[in-house]
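Heads up: the structure comes next, in structure tokens.
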Ligand code: 26V
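Numbering (my numbering), first residue to last: 486 to 1326.
In structure tokens, the structure reads:
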């Protein structure tokens, strides 16, 4: 039996290997090497040291043949790997020492690594947190995704406006990946389906005349914390089957040869940076089929190396689909089982529906993936046939159940059919063919069951469950906030690193004056670190004594950054109107990328920057308010921001944010939430108590009720609320856009005018304004009592135990995946070591 993989960092070897790598990779001496070269050399050196653990882990899989999770996701927002790997190897400090002995600062070296930004936001980062937890908990798992050559665009702010710049993250190569051409799979697009008879008269189908692309996997190690266990993130790249297909050339079929090459070049070129609405882009469907087909073919082939009976595939594999993007898993598995392994429909259906599980991440109707039949069937002719047959059989079931049940069957078909109105509805396919459907927070799951997916829930109640999201405390506390991490360890021991529930022992210190003082000092130092970042990147001086009020997340109307900035405008009006207006100094910090074509989102960014320009440069308010827009918000700078936040803005229109995860990261770091009863905020309130948060606004039930009645009349508020009216008028009178007073008119209109597509103030910004302003006054009042604030802050950290992705993963394992932890004969608990792992930045 494979020995338990143990990792022992060898500092001297590491140093030698960095020097060697610099020479062999760049033909340079250390003195002449750039920071980027040192980073590359160090990352290679680190990779070399973990390779044994990685191989041992995989060997244990081969020996023990445990059931494996394949987590299929179009996005993995991994961020940087080097520092995080060092943390999980419990080798951060020795690596920092080694680099320092070589004359380099680890922080500067870490900064040389580009973020692996293979995701848009919450959904992709969740996948990354899950991998961290899976490896830490020693579960056999593969993340399967796409090796985009360009990740999430880089955001530049020019004249207050977002400009998108391509993210060429592979420019210097990726030292922490390994290309695995030996595991290449072929993926087929287009062509047509032919049938043929086999012995016994059965009709079989196959695709012919297709275009062909090679899917070549690249593996990245996913290192568990302190356990020598290494899972794998496998991202697929597309390559032409043969760069020059001589056969095609010879036949004069030059065009086809070029087409195949071009197709391959296109498929993995770029991540779609749009999460504001679903667009029926053919290339996106190609991306989906590409990575799903490669991953499922691989899983089946691997299964067959050790097993014969494909009926037992569900005993060895579970395919978790991260949103509907990988839903083609279902017809692809059916195709492989039937066309390549001659299984009958019923058996194939049984296997498929026992392997596939689906997670829903949004209730927003615009986000639902629907593919026009024409496009779908042309690109994936055989897959389309299978989907049609799934739909046909499903509708027979619906009829059988409802025909004589006093129910309008047509209504049921309208809501549940997989193919409807000329479109393939991916969520419906995912639900019908999965054994599990889950939401990502309790409220979200309830809304799915009772509203959005009610008909499906009536049909298959047993499939539905909730799995409240979580985050990894290794990255978002241990790495992001070394000072607080060390303090927590000093007070409750280090077990919180792998069992976050242990952090609740901090409650004992919430009232302790010494603890409060230390906590306050740590927070202050982190705020100084962020202030320095802002000075360097924005050229703005912010006071670390001010309240750091933070909203960092994608820009969406439903997340209501507009509400936040309108409240800033209101506060500024108060200061201007009354020189004696009392408030604590506040720094409002925003970070957000907008989808490139999302007009109102981009205009909101412009508004935030315009308000910042006016307010930050108005000496008459004595710096009481500062507004900062952090350019290019991403995982790496998020870590600095979370550690330095006092107030966490979680202000989505109730019912719209499925869960949220920045709410959890900020809470873990001691920020107090101002928020609506939406997503996981509801559960945060349950854990920390409403008295330690600032809750405001309509409830989700109220929002849904208004929506069912066509909205509300915002003019009632416009006409009656002076403060709101003043702010609204300032959107269109040039206060923040002297050159072009009409600039923000579309935002003004979105709040007051209804259109055929949208009711006025669709996201209830005016409706919630007064309640938000009142909650903000409570925030201000609470901050004035620093003892009370620190107590609340400590309690927030102390009550964040539930929100570890370790807990989430254990729930998925218990209820859906049924995996077993890989064990080793001489298993002993993970080696203890101090958490003084990370020097402060
Ligand atoms: C969002 C939206 C919202 C506006 C309308 C159209 C549209 C289209 C796509 C999306 C993104 C959906 C996927 C996503 O990122 N969901 C996020 O998943 C996180 C992890 O579960 C969760 O914490 C966030 O609340 C949820 O928005």
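We put the CB at the ideal spot given by N, CA and C, even for glycine.
As the structure is a computational prediction, the values presented were derived from the model and not from experiment.
Query                                                                                                                                                                                            : Result
How should residue 505 be labelled, buried or exposed, when 16 other C-beta atoms within 10 angstroms of its C-beta is the threshold for buried?                                                 : exposed
Would you call the stretch 1266-1282 in contact with the stretch 994-1003, where contact means no fewer than 3 C-beta pairs closer than 8 Å?                                                     : yes
Can you list, in chain order, the residues of its chain with a C-beta nearer than 8 Å to that of residue 1210? Leave out the 5 residues immediately preceding and following it.                  : 1203, 1204
Report yes if the C-beta distance between residue 772 and residue 631 is below 8 Å; otherwise report no.                                                                                         : yes
With distance defined between alpha-carbon atoms, name the residue in 591, 565, 806, 991 nearest to residue 577.                                                                                 : 591
Candidates 1021, 1141, 1170: which alpha carbon is nearest residue 1114's?                                                                                                                       : 1021
Would you say residue 919 and residue 948 are within 8 Å of each other, going by their C-beta atoms?                                                                                             : yes
Among 870, 666, 625, 1107, whose alpha-carbon lies nearest the alpha-carbon of residue 701?                                                                                                      : 666
Alpha carbon to alpha carbon, what distance is there between residue 689 and residue 682?                                                                                                        : 6 Å
Going by DSSP, name the residue or residues bridged to residue 1004.                                                                                                                             : Residue 1004 pairs with nothing; no bridge assigned.
Alpha carbon to alpha carbon, how far is residue 806 from residue 911?                                                                                                                           : 12 Å
Name the DSSP beta bridge partners of residue 1135, please?                                                                                                                                      : 1160
Can you name, in chain order, every residue of its own chain whose Cβ lies under 7 Å from the Cβ of residue 583, other than the five neighbours on each side?                                    : 496, 499, 500
Is the beta carbon of residue 849 within less than 7 Å of some heavy atom of the ligand HEM?                                                                                                     : This structure does not include the ligand HEM; its bound ligands are the ligand 26V.
Are the beta-carbon atoms belonging to residue 1253 and residue 1048 less than 8 Å from one another?                                                                                             : yes
Going by DSSP in three states, residue 844 sits in which element: helix, strand or coil?                                                                                                         : strand
For the putative contact between residue 1163 and residue 928, defined by C-beta atoms under 8 Å, what is the C-beta separation to the nearest angstrom?                                         : 7 Å
So, is residue 846 buried or exposed, given that buried needs 16 or more other C-beta atoms within 10 angstroms?                                                                                 : buried
Quick one: complete alpha helix (DSSP H) runs, 4+ long, within the stretch 738-775?                                                                                                              : 739-752
Identify, in the order they occur along the chain, each residue of the same chain with its Cβ nearer than 7 Å to the Cβ of residue 758, setting aside the five sequence neighbours on each side. : 605, 637, 638, 1080, 1081
Can you tell me the Cα-Cα spacing of residue 1259 and residue 1159, whole angstroms?                                                                                                             : 11 Å
Restricting to Cα atoms, I'd like to know which of 763, 817, 612, 767 is closest to residue 779.                                                                                                 : 817
Determine the extent of the beta strand (DSSP E) in which residue 945 is found, giving its start and end residues.                                                                               : Neither: residue 945 is in no beta strand (DSSP E) and is coded neither H nor E.
Which whole runs of the alpha helix (DSSP H) in the stretch 1193-1240 are 4 residues long or more, in chain order?                                                                               : 1200-1205, 1207-1217, 1230-1237
By Cβ distance below 8 Å, which residues in the same chain neighbour residue 763 in space, the five residues on each side in sequence not counted?                                               : 851, 852, 853, 854, 855
Taking three-plus beta-carbon pairs below 8 Å as touching, is the stretch 566-576 in contact with the stretch 641-651?                                                                           : no
If you check the beta carbons only, do residue 612 and residue 561 fall under 8 Å apart?                                                                                                         : yes
Helix or strand or just coil, what does DSSP make of residue 501?                                                                                                                                : helix
Residue 763: beta carbon under 7 Å from a heavy atom of the ligand 26V?                                                                                                                          : yes
Suppose the cutoff is 7 Å on Cβ atoms and the five residues either side in sequence are ignored; what does the same chain contact list for residue 1116 look like?                               : 640, 641, 642, 1022
Whole-angstrom Cβ separation of residue 716 and residue 703, contact assumed at under 8 Å?                                                                                                       : Incorrect: roughly 15 Å between the Cβ atoms, too far for contact.
Would the stretch 1132-1152 and the stretch 1217-1227 be scored as touching if the rule is three or more Cβ pairs under 8 Å?                                                                     : no
Quick one: what's got a C-beta closer than 7 Å to residue 1040's C-beta in the same chain, skipping five residues either side?                                                                   : 1046, 1077, 1078, 1079, 1086, 1089, 1090
Does the beta-carbon of residue 1144, which I'm using as the reference point, lie nearer than 7 Å to any heavy atom of the ligand 26V?                                                           : yes
Taking the CB atoms as reference points, tell me whether residue 921 and residue 1301 lie closer together than 8 Å.                                                                              : yes
Can you check whether the CB of residue 1309 is closer than 8 Å to the CB of residue 545?                                                                                                        : yes
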